[in-house]
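J.: Residue numbers (our numbering), protein chains in the order written: chain Y, 1 to 684; chain W, 1001 to 1684.
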């Protein structure tokens, strides 16, 4: 019998429960921080930073941890166990362990804060390993979380577009919240994984949200002030039509002098109000958003217009490459949405200003469970490219399904667009080093931040991979478990660790198994995108088709007989994907239309694979449920009761939904193909 | 070249433009109305009525018409061309023409008002025919329009659920409108077709709307006052849970004494505020609405609870029979939504109080373009049954498609549940004589009332068929054209008349041709129900399936091998529908699952019929467009420019949508069946 669960009204501590700071908190910690009054940009070689404020945060963090766990703050010259010191230094921080004593040095308080949280993550191991001298700096210069939050509740998309975790932490009742303390708590979680930029509003900039750039600047400044103590800088998504809708100009033409002047003045006002403001994010000429096409200009013209405005302030423009025709005719098999970003952007390479980052979705479609890497990432050597991921699980279970996405992101970041050897073996993570990484946040005002408590692992992993994309996803998960489930003494019950690996390590492939097969994508309910609807998008203008008929399924994107999309890749992929003999099974239906009887590399037919994986996927969900339930005796000692209750509720829905996916997909394809299941399972 | 169209801000006059009253307005009219001060219920034999107020309306109508057209009001003894006289008389009115002079006599001012509009409808013919002495009384005692209007804009369903004509004429900004003059104008249009009852709020009674019964009674009284001058009485939809949600009781159990007392007190308050109030409409235990099932009671218990409360005031309870399981498992082919109303209600026959009207949707499903007549209409001889129609075109083109529904309603009303001879050859219209007829209104605050100007014809026809269900739909349409397109002199250009018949007479069958075939129903986009989505509802909980596979399609509802639904009909239909050899083609897939190669009575296969009708349907829409466009030279002389512009816009959308239906249905079934079109048309 389980006792009644008392729900704590405070936000869940996520990966920073007090116990996670036990190891550092037990130590004698010294801080060597020179008196800082101005921004750290005055320190030669330092990033723009708000040194005094972040330094003060760091002191408070150390005080809090040592007070809680019995350590103390000591004179930096009194042989502290851990010395945090600010020195002119390179990017990132230096970690030195010498005879069990640790020194972390960095050039800015923010980098030093990241170093502090590095020690927190290591826990006891920080102090017990062999002597070491390591430099740590982020692989990506820019690490951004994009919030698709609306100020006003949108009649269709709600307070947070594609949000599955309650309302916005920034907005309520049609304006910026009065109490932004939770935003600071969020910034602390981000600092602990090294994220330092947040775009606070939806890239679909509706009329109300557009005004954040002008009338609401004082409120945006309050948000920036709430993020700043943890070294997190604020960005805004802006509307390309702002000169008209906000400025009253007759045009938004990027080559118009009045338009250029308007944007410069707008940027000047923003930086005058928020000196450490980061920059603008733009979705233009996409899904109804305004853009330069209206004036016969291209996306380089558009992006450079804004780049020019923010350049004097050191700002950047994140310009999204997600541009395609969303009013496509389903009858026309020659138009291919997968081609669109490359068709629009590759020809513009070399024309973007230095402070423009072209932000490219990881795949050519839209955050599917499985799709190839976007060929745009190999097509713009002269541009600063960022890769865009989706932490919010729009197409991967909407935080009702446990689906740990780090393995999927890791595959994308490690993909070698020129093959193992070509272009010096560079991977996507190398291509985007200067432009960085961005992701749509999965956070809302839900007590657990992410609806599903286990979806916190995705946010954590995004931050860690943004710092170091070569990290092993299972190791990152292990870190996350070690922090999140740390007891007061910092220890995690070993069975908790084991079960979380059992539930999450392979959960993305499990999700893939019971949903759309072999890279074909979609098959979700239109609009909300949850649950199966095989034909839901088949006859729509959205360009997301599977072309299943009674004989076969898949999209022919070959150069030989299809849309020619394979030709957007450099060798070897242009040929690997083109040829049925070499195309990987998991992407088969993305690139080829094949009969149901086509035999995969795995040795089974497409239709039998579809039948089998859907049954296997459901069985794996049952195992996830059983694994979690095996922790029942550790509740609440090692697993908080409210976490357990929420996870159980979500797993039950995941199982229900997985069965629904299985039965619909299985039934649909049997009805269509007429090919019996080799294992004779029930068909409806 | 067309000149710019000036849009009149006033509501469109619909079927009462000034010209429609030219014939009566030119006459010398006498009125013989005794001074009336109290309600007409004081006149022996009269209906409860608001005689003084309606009499005053009638005087004003006569003044207005004669002033506009040169006639006049004369002494009733001075041989008027038209005498309107109030006499104790029977129900309805008496029309006497004697040597070109007309006398209309009725027992109540409302009946006399209906008689006046009868003369208006006849126009010159009222005065020019041979001598006549006719009695006119409505075939149905109760003729109700149900408005699915919400006070608050519902986040999913909007201001008017299934409304396609703008906002509500009753509500705006979360409350009853201040200016209700348009409601009175609406009442005038209704009086002109004989409708005398309106339920002013949605049968899905949300929290805000529930309060109309209590806190908002003064506002409801204002609506009633706006309807009253034209003899239209007000009804309210109420929530079965009101004793709990509004009354604070712990239960809504219909057998609980406190609940009974609460409803009695509620009804007392309503009638104290609105003495001519009509009664309550209830949707219970349906699609999430509360009902008696929660207490182990049945629908007779529930309905009689309210009947008892309203009986002292002469009120009626319209209790909807639309009760089914909307969380059905699509895998379970034995559950059949079509059976639900009969399963729930037929066993209760004989248990409903006299002032309960069981309101039955015309078909067993949900207002489809084609479905059989509901077997409930033949199964409850002891109950007062009403038939429920849907004037708002939820499933028939949403007032973007011209689809004149009178032929479809006429078929339903004329259907003989016991065959040509059984039960004395009674038709549905006879069955529902005492319970009457109800329909969901298609009216909103759109300038044309109904979005599509031609959808006014549906509202008009509903009223006319509610008065006389034996009227020929083409004749009713002719009346409507004669009134609506009357020039200042009362005449209609003959080509206008001809074109409107060409566009509308067969438009329902045209709509059927290009949408879901052979009675299978649905295949619409889930949620909003507009446009095609063959599998949209196939794997949902809503019970609306077609079971198409690569071999065949349709729902087996036979007793022999299916759900047994055919057994709910009396002979001969239980056998006609059961047998493939006798089942009418247009209902084939409603009752049977057949191979695509099944040959219809028409001689073509199911699949070829599907292909052919979809192409033919689109061609017929093209003809409708061409027919309307042939009127271009009569704009604005005989067709107002704003009407023309709106109709053209809607016809263009109808054609686009019809092509979309054709191509999706055609492609879907070719992909599934693999059977080529005998005519080799393009498949996508």
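We treat Cβ as the ideally placed atom computed from N, Cα and C, and that holds for glycine.
How long is the line joining the alpha carbons of residue 159 of chain Y and residue 291 of chain Y, rounded to whole angstroms?
T.: For residue 159 of chain Y and residue 291 of chain Y, the distance between alpha carbons rounds to 24 angstroms.
J.: By Cβ distance, which residues of its chain are closer than 7 angstroms to residue 1390 of chain W, with the 5 residues on each side in sequence left out?
T.: Around residue 1390 of chain W: 1367, 1439, 1440.
J.: Anything in the stretch 1167–1186 of chain W with a Cβ closer than 9 angstroms to a Cβ of chain Y? List those residues in chain order, please.
T.: So nothing in the stretch comes that close.
J.: May I ask you to report which of helix, strand or coil DSSP gives residue 1672 of chain W?
T.: Here residue 1672 of chain W sits in helix by DSSP.
J.: What does the alpha-carbon distance come out to for the pair residue 690 of chain Y and residue 180 of chain Y?
T.: No answer is possible for residue 690 of chain Y: it lies beyond the span of chain Y, which begins at 1 and ends at 684.
J.: Would a C-beta distance cut-off of 9 angstroms place residue 518 of chain Y and residue 578 of chain Y closer than the cut-off?
T.: No, the pair does not count as a contact, with Cβ atoms beyond the cut-off.
J.: Rounding to the nearest angstrom, what Cα-Cα distance links residue 1674 of chain W and residue 1401 of chain W in this structure?
T.: Their Cα atoms are separated by approximately 31 angstroms.
J.: Per the DSSP calculation, residue 319 of chain Y is bridged to which residue(s)?
T.: According to DSSP, residue 319 of chain Y bridges with Y:282, Y:358.
J.: Does the stretch 162–176 of chain Y come close enough to the stretch 440–451 of chain Y to have 3 or more Cβ pairs within less than 8 angstroms?
T.: Yes, the stretch 162–176 of chain Y is in contact with the stretch 440–451 of chain Y.
J.: DSSP three-state label for residue 1437 of chain W, please.
T.: If DSSP states are grouped into helix, strand and coil, residue 1437 of chain W belongs with the strands.
J.: Would you kindly check if the distance between the Cβ of residue 1536 of chain W and the Cβ of residue 1524 of chain W is under 9 angstroms?
T.: Against a cut-off of 9 angstroms, the Cβ pair of residue 1536 of chain W and residue 1524 of chain W comes out as a contact.
J.: Going by CA-CA distance only, name the one from W:1068, W:1394, W:1075, W:1567 that's closest to residue 1023 of chain W.
T.: Ranking the options by Cα distance to residue 1023 of chain W, first place goes to W:1068.
J.: Based on DSSP bridge pairs, tell me the residues matched to residue 385 of chain Y.
T.: According to DSSP, which records beta bridges pairwise, residue 385 of chain Y is partnered with Y:358.
J.: Mapping the DSSP letters down to three states, classify residue 458 of chain Y as helix, strand or coil.
T.: Helix at residue 458 of chain Y.
J.: Do residue 1364 of chain W and residue 1384 of chain W have their beta-carbon atoms positioned less than 9 angstroms apart in this structure?
T.: Not a contact, by the Cβ cut-off of 9 angstroms.
J.: Could you check how far apart the C-beta atoms of residue 1489 of chain W and residue 1019 of chain W are, in whole angstroms? I think they sit under 8 angstroms.
T.: Contact holds; Cβ gap of about 7 angstroms.
J.: From residue 1048 of chain W to residue 1177 of chain W, what distance separates their C-alpha atoms?
T.: For residue 1048 of chain W, the predicted structure reports a pLDDT of 49, less than 50, and the residue's modelled location is therefore unreliable. A value from the coordinates is still provided. In a straight line, the C-alpha of residue 1048 of chain W is about 27 angstroms away from that of residue 1177 of chain W.
J.: For residue 466 of chain Y, collect the residues of the same chain with a Cβ closer than 6 angstroms to its Cβ; drop the 5 residues on either side in sequence, then sort them by chain order.
T.: Answer for residue 466 of chain Y: 140, 143, 437, listed in chain order.
J.: Closer than 7 angstroms, Cβ to any Cβ of chain W: which residues of the stretch 595–621 of chain Y, in chain order?
T.: Answer set for the stretch 595–621 of chain Y: empty.
J.: Could you compute how far the alpha carbon of residue 1046 of chain W sits from the alpha carbon of residue 1015 of chain W?
T.: Its pLDDT being 37, under 50, residue 1046 of chain W is placed unreliably in this model, and the coordinates cannot settle the point.
J.: How about residue 286 of chain Y and residue 337 of chain Y: are their beta carbons less than 9 angstroms apart?
T.: Cβ atoms of residue 286 of chain Y and residue 337 of chain Y: not closer than 9 angstroms.
J.: Which runs of the beta strand (DSSP E) fall wholly inside the stretch 1131–1207 of chain W and span at least 3 residues, in chain order?
T.: Entirely contained in the stretch 1131–1207 of chain W, the beta strand (DSSP E) runs reaching 3 residues are, in chain order, 1132–1136, 1143–1146, 1149–1154, 1158–1160, 1197–1199.
J.: So who's on the other strand from residue 74 of chain Y, going by DSSP bridges?
T.: According to DSSP, residue 74 of chain Y bridges with Y:30.
J.: For residue 1674 of chain W, return the contacting residues in chain Y, with the cut-off set at a CB-CB distance below 9 angstroms.
T.: Near residue 1674 of chain W (Cβ distances below 9 angstroms), the residues of chain Y are 549, 550, 551.
J.: So is residue 1470 of chain W buried or exposed if we call it buried at 16+ other beta carbons inside 10 Å?
T.: By the neighbour-count rule (16 or more Cβ atoms within 10 Å), residue 1470 of chain W is not buried but exposed.
J.: Run through DSSP, which three-state label would residue 44 of chain Y get?
T.: Confidence at residue 44 of chain Y is low in this model, with a pLDDT of 36, below 50, so the placement of that residue should be treated as unreliable; the coordinate-derived value is given next. Coil at residue 44 of chain Y, not helix or strand.
J.: Using a Cβ-Cβ cutoff of less than 6 angstroms, which residues in the same chain neighbour residue 1512 of chain W once the five nearest sequence positions on both sides are dropped?
T.: Result list for residue 1512 of chain W: 1369, 1370, in chain order.
J.: Listed in chain order, which residues of the stretch 395–422 of chain Y have Cβ atoms closer than 9 angstroms to some Cβ of chain W?
T.: Listed by position along the chain: nothing, the set is empty.
J.: Which same chain residues, not among the five before or five after residue 1449 of chain W, have their C-beta less than 7 angstroms away from its C-beta?
T.: Within the same chain, residue 1449 of chain W has close Cβ partners 1011, 1012, 1014, 1165, 1443, 1456.
J.: In three-state terms, what does DSSP make of residue 344 of chain Y?
T.: Note: residue 344 of chain Y maps to helix in three-state DSSP.
J.: Would you mind stating whether residue 126 of chain Y and residue 82 of chain Y have Cβ atoms separated by less than 9 angstroms?
T.: Cβ distance < 9 angstroms, so residue 126 of chain Y and residue 82 of chain Y count as in contact.
J.: Report the start-end ranges of each alpha helix (DSSP H) in the stretch 1235–1277 of chain W that is 4 residues or longer and not cut off at the edges.
T.: List check, alpha helix (DSSP H) in window: 1242–1245, 1257–1273.
J.: Determine, using beta-carbon pairs with one atom in the stretch 1411–1427 of chain W and one in the stretch 1658–1673 of chain W, whether at least three such pairs fall under 8 angstroms.
T.: No, because fewer than three Cβ pairs between the stretch 1411–1427 of chain W and the stretch 1658–1673 of chain W fall closer than 8 angstroms, the two stretches do not touch.
J.: Could you tell me which chain Y residues have their CB closer than 7 angstroms to the CB of residue 1664 of chain W, listed as they occur along the chain?
T.: Going along chain Y in sequence order, the residues near residue 1664 of chain W (Cβ under 7 angstroms) are 539.
J.: Give me the Cα-Cα distance between residue 1595 of chain W and residue 1627 of chain W, rounded to the nearest whole angstrom.
T.: About 38 angstroms.
J.: Can you round the beta-carbon distance between residue 1104 of chain W and residue 1084 of chain W to whole angstroms, since I take them to be within the 8 angstroms contact cut?
T.: With a Cβ gap of about 5 angstroms, residue 1104 of chain W and residue 1084 of chain W count as contacting.
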